[in-house]
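A.B. asks: Mapped onto mature numbering (1 follows the signal peptide of the UniProt record, and there is no 0), the consecutive letters of the sequence shown carry residue numbers -21 to -1, 1 to 289. Heads up, the beta-carbon is just placed ideally off N, CA and C, and yes, glycines get one too. None of these values were measured; they are calculated from a predicted model. Structure in structure tokens, see below.
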Amino acid sequence: MCRNLLTIIAVLLITIIPAQGQTGQTASETIRFTTAVTDLRNHYHEILSYYQNRPVYMADFNIQILNQNPENAIYFIEPKSPAEDNQIPSQNYLSVKYNTKDFFDKEELTTLISKAESNTERVKKHCLVLSNYFSNKKFVQDASFSKYPALRDSLQASLSIALDSWKKVTDLNSNIQDAAEIQLLQSKKVAPFVVPMKEDADKLKRIIDQVYSQQLSAIILKLDVDDLQAMVDIHKDYSRKDKSKLKDESYLNVYSRFYSATDECIGIVRQILDCIEQKKFDSTLDNLFDKLNEKYSKVQDDYKLFASQD
């Protein structure tokens, strides 16, 4: 009976240990892929920021010049963002895409990326049409520049769609990366400490991003903040955790500091949401955002320091 039990335990260990290794490898590959996606997203944001700012500004300025005198010289509108010359982020993304194993949500993420790239191409086409309106002097046959508003609106509408597409990529990519990082953290000795920290830091980041984007109502965000506060109140109590797992006890101070800064961020977010609800868009709100940035930087720094333990 005892021999049979030992055999069963041995078999379980043989199957569990490789499975854990495979999980860690999959998580590492997932993070490599999501990092390449982040670089690609940043690259496209740089491209789109050009189309957001320069072409429409220059086009409006040209219309002002031509309204003063149709014979005046006008400015050339470059139809291509300078950032498009950098092909490295796209090449890296494709390389990692085809050289990493499939994982949960990879297909959905790559589909979103393809759609976002396609929507970005539409922005480029609309900018080219706008540029040609001036460089090919099509405005000469356009009485009172009646066609210009439609060209301008088409570019801005395509920009809005492209930016929204890349936001969907960002949100899903971030969720996938967070989950993979938590998988890796589970294998660390300090997992009972650092996994809750990671979960709380991720939720705080999502709330702060939503506060900045103002895409959700203050009422919904307050519910998210209440949920986070409830979890933070549980996680910050380390009295029942095994402190022998820490590299040394100085990390308890880092742990407490992390949760103190998290509490402060939550308090500031509540104040910001109150200001938004009351439509107090003044220097008070600006100061609160400055304080939030400062405190959130401390949350990030203390998390990184704590997670760096061997």
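So the alpha helix (DSSP H) S192 belongs to, where does it begin and stop?
C.D. replies: 170 to 192 is the extent of the alpha helix (DSSP H) around S192.
A.B. asks: Since S69 and L19 are thought to touch, with beta carbons under 8 Å apart, how far apart are those beta carbons, to the nearest angstrom?
C.D. replies: With 8 Å as the limit, S69 and L19 qualify as a contact, their Cβ atoms being about 6 Å apart.
A.B. asks: Is it buried or exposed, G(-1), if we count other Cβ atoms within 10 angstroms and call 16 or more buried?
C.D. replies: For G(-1), the predicted model reports a pLDDT of 49, less than 50, meaning its position is unreliable; a value from the coordinates is still stated below. G(-1) is exposed by the Cβ-count criterion.
A.B. asks: Label N266 either buried or exposed according to how many other C-beta atoms from any shown protein chain fall within 10 Å of its C-beta, with 16 as the threshold for buried.
C.D. replies: exposed
A.B. asks: Taking three-plus beta-carbon pairs below 8 Å as touching, is the segment 219 to 233 in contact with the segment 192 to 211?
C.D. replies: no
A.B. asks: Would you verify that the beta carbon of K116 is, or is not, closer than 8 Å to some beta carbon of chain D?
C.D. replies: Any reference to chain D falls outside this structure, which holds one protein chain only.
A.B. asks: Report back the beta-carbon spacing between A286 and V211 to the nearest angstrom; my notes put them in contact at under 8 Å.
C.D. replies: So it is not a contact: roughly 17 Å between Cβ atoms.
A.B. asks: Could you spell out the range, first to last residue, of the alpha helix (DSSP H) harbouring S60?
C.D. replies: Premise fails: S60 is in no alpha helix (DSSP H) and is neither H nor E.
A.B. asks: For I186, which residues from the same chain have a beta carbon less than 7 Å from its beta carbon, with the 5 sequence-adjacent residues on both sides left out?
C.D. replies: L200, D203, V204, L207, V248
A.B. asks: In chain order, what residues of the same chain lie with their CB nearer than 6 Å to the CB of S110, ignoring the 5 residues before and after it?
C.D. replies: Excluding residues within five positions, the ones whose Cβ falls inside 6 Å are I56, P58.
A.B. asks: So which of N272, Q257, K258, Y217 has the shortest CA-CA distance to Y238?
C.D. replies: Y217
A.B. asks: Evaluate the contact criterion for the segment 154 to 171 versus the segment 10 to 26: three or more CB pairs, one atom per stretch, below 8 Å.
C.D. replies: yes
A.B. asks: What does the Cβ neighbour count give for residue 300, buried or exposed, with the cut at 16 atoms within 10 Å?
C.D. replies: In the structure as shown, the chain starts at -21 and stops at 289, and residue 300 therefore has no counterpart that could be examined.
A.B. asks: Tell me whether S177 is buried or exposed, calling it buried when 16 or more other Cβ atoms sit within 10 Å of its Cβ.
C.D. replies: Note on identity: in this sequence residue 177 is Lys, with Ser being the wrong assignment. Buried: at least 16 other Cβ atoms inside 10 Å.
A.B. asks: Should the segment 85 to 102 be called in touch with the segment 126 to 143, which here means at least 3 C-beta pairs below 8 Å?
C.D. replies: yes
A.B. asks: In terms of residue numbering, what span does the alpha helix (DSSP H) encompassing L207 cover?
C.D. replies: 197 to 214
A.B. asks: How should L252 be labelled, buried or exposed, when 16 other C-beta atoms within 10 angstroms of its C-beta is the threshold for buried?
C.D. replies: buried
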